[in-house]
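> Read in order, the letters of the sequence shown correspond to residues 4 to 416 in this note's numbering.
My questions will all concern the structure given below.
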Amino acid sequence: MPLNRGYSYLRARMIMAQLSQHKLTAKVPNIPIIYLPGILGSKLFDRTQQRFIWGDYRGVFTHSDYEYSETTENDIPNVLATEQLHQFTIIPKLLTTLVTQELKDVLEVGLGYREGQDLFFLAHDWRADHRQLVVQLDQEIARLTALFGQQQPFIIIAQSASNLAVRYWLRHTSDENRQRIAKWYAFGPPWEGTYHAWSMMETGYYAGSRHFNGFSPDDIAGYPSAYQLLPCDAKALDSHGGEIENFDLYNADCWQQWRIGPYKMGNVTAQNQRVRDNLPRYLANAKTFREAIAGECLKEQVVPQTWYLSDNNLAVTQAIFARDRWYLQAKPIAKHFPHIAPKVLAKGDDHLPLAGLLKQRCGPLVRDKYLQPWGESFVFISQASTHRALINHTPNLRSLAFDIATIRKQRNR
């Protein structure tokens, strides 16, 4: 067993002991949990090649086709996303990166959940329009309602981008479905988008390094979900800090004028041309989706919620165009433009500025990792090292376990 896996299990045992000290381990039925992974969080299985192209070392050391092909209801997809990525194996039986395994350990060891029995991971193709995940969530709620009965409440846990799908679902589903949600836990919800989505369209994503295989910029720019994660009101500055006027990230002409993403200098491949041809539609759909989840909505506010955020890093609030390229990450901006860094960087995790997430918060802000309003709505601001680490941060996992145990106790009185 890898060391990190052993540590995860011991931490789960520690949290279980703390729950026991607070008399929160009574043998009562668990409230079924539906977990929605974020970007990169589900394995991708290529039916043609008969292998996983994303989910372990083969997606890093061997070349895979990550181009996304949209399908209709009558199409049979070549790539399936039906399995949760709990851990990413780099070297079999030796080196593994834990993804949702740590959360799963806490739920199973600490609270007695069992995957497939009362803990359900809703794997999905994270490259697709988030409204496809909305449909999946609706179908899963219907399936579990038929399984557990009309009176059974459910808990939703969502990571990063999938929280946008949950918000969309709550605003469009029935009152009966909203009443079925006992609590919604949102880890790193990108309510106002993120410049990181734009950055990946410029540089791609490589799990190891650029020496290995990964997702090219054109791969990312071909994913409808990436456009739905673009910053809502993107601002662009020049190297002196002056605002670039008439800049509209949701206008395809702007992308061509400022050489964004697929319009970067270089040879135009067939894949690149497909992205350019689809760009106006991707942007229009993303704008429609963004408008549907913007602002406050009473329909979603009736559902108790806890948001897990971090302000341990700096995140980008405005893009910089200089030296014939875009600067969209905090470290290069701080290094090359220290004179305007305070203007374009703000506290948050490494992807999301904190201030933008709190404009319409679900409850009081809490920073104490031990004193929290268990069972109620609140926002927990921790010191998780990165956006990705929010789901594995010990204070967050402890908070999640105590809150679920409290709700379970309240409902079984």
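All residues carry an ideal CB built from backbone N, CA and C; glycine is no exception.
Just so you know, these numbers come straight off a predicted model, no measurement behind them.
(1) Is the distance from the Cβ of tyrosine 116 to the Cβ of isoleucine 160 below 8 angstroms?
(2) Grab me the residues of glutamate 70's own chain with a C-beta within less than 7 angstroms of its C-beta, minus the 5 sequence neighbours each way, in chain order.
(3) Any contact between the region 131-148 and the region 15-31? By contact I mean 3 or more CB pairs, one from each, below 8 angstroms.
(4) If you draw a straight line from the alpha carbon of cysteine 257 to that of tryptophan 201, how long is it in whole angstroms?
(5) Would you list, in sequence order, the uninterrupted alpha helix (DSSP H) runs of no fewer than 4 residues that lie entirely inside the region 144-197?
(6) In whole angstroms, give me the CA-to-CA distance for leucine 98 and histidine 89.
(7) To the nearest angstrom, report how far apart phenylalanine 64 and glutamine 155 are at their CA atoms.
(8) Which same chain residues, not among the five before or five after lysine 302, have their C-beta less than 7 angstroms away from its C-beta?
(9) DSSP has serine 45 in a bridge; who is on the other side?
(10) In terms of residues, what are the limits of the beta strand (DSSP E) holding alanine 358?
(11) Pull up the DSSP beta-bridge partners for glutamine 308, would you.
(12) In terms of DSSP beta bridges, what is leucine 98 paired with?
(13) Mind checking histidine 133: buried by the 16 CB within 10 Å criterion, or exposed?
(14) Starting from valine 319, trace the beta strand (DSSP E) in both directions and tell me its first and last residue.
(15) Could you tell me how far apart the beta carbons of alanine 126 and glutamate 179 are, in whole angstroms, since I believe they sit closer than 8 angstroms?
(16) Measuring only the C-alpha atoms, how far is glycine 366 from proline 376?
(17) Would you report the Cα separation of glutamate 248 and alanine 145, rounded to the nearest angstrom?
(18) Would you give the residue range spanned by the beta strand (DSSP E) that tryptophan 329 belongs to?
(19) What three-state label does DSSP hand arginine 130 in the structure shown?
(20) Below 8 angstroms, how does it come out for the region 164-172 and the region 393-400: are there three or more Cβ pairs, yes or no?
(21) Aspartate 251 CB to nearest chain D CB: under 8 angstroms?
Per the coordinate set shown:
(1) no
(2) Asp222, Gly225, Gln274
(3) The count of Cβ pairs closer than 8 angstroms, one atom from the region 131-148 and one from the region 15-31, stays below three, leaving the stretches out of contact.
(4) 14 angstroms
(5) Complete alpha helix (DSSP H) runs here, min 4: 165-175, 178-182.
(6) 14 angstroms
(7) 45 angstroms
(8) Result list for lysine 302: Leu173, Arg174, Arg181, in chain order.
(9) Gln87
(10) Taken as a continuous stretch (DSSP letters only), alanine 358 belongs to no beta strand (DSSP E), being part of the alpha helix (DSSP H) at 357-360.
(11) Trp187
(12) Ile94
(13) buried
(14) 316-319
(15) 26 angstroms between Cβ atoms; not a contact.
(16) 10 angstroms
(17) 48 angstroms
(18) 328-330
(19) coil
(20) no
(21) Of the protein chains in the structure, only one exists, and it is not chain D.
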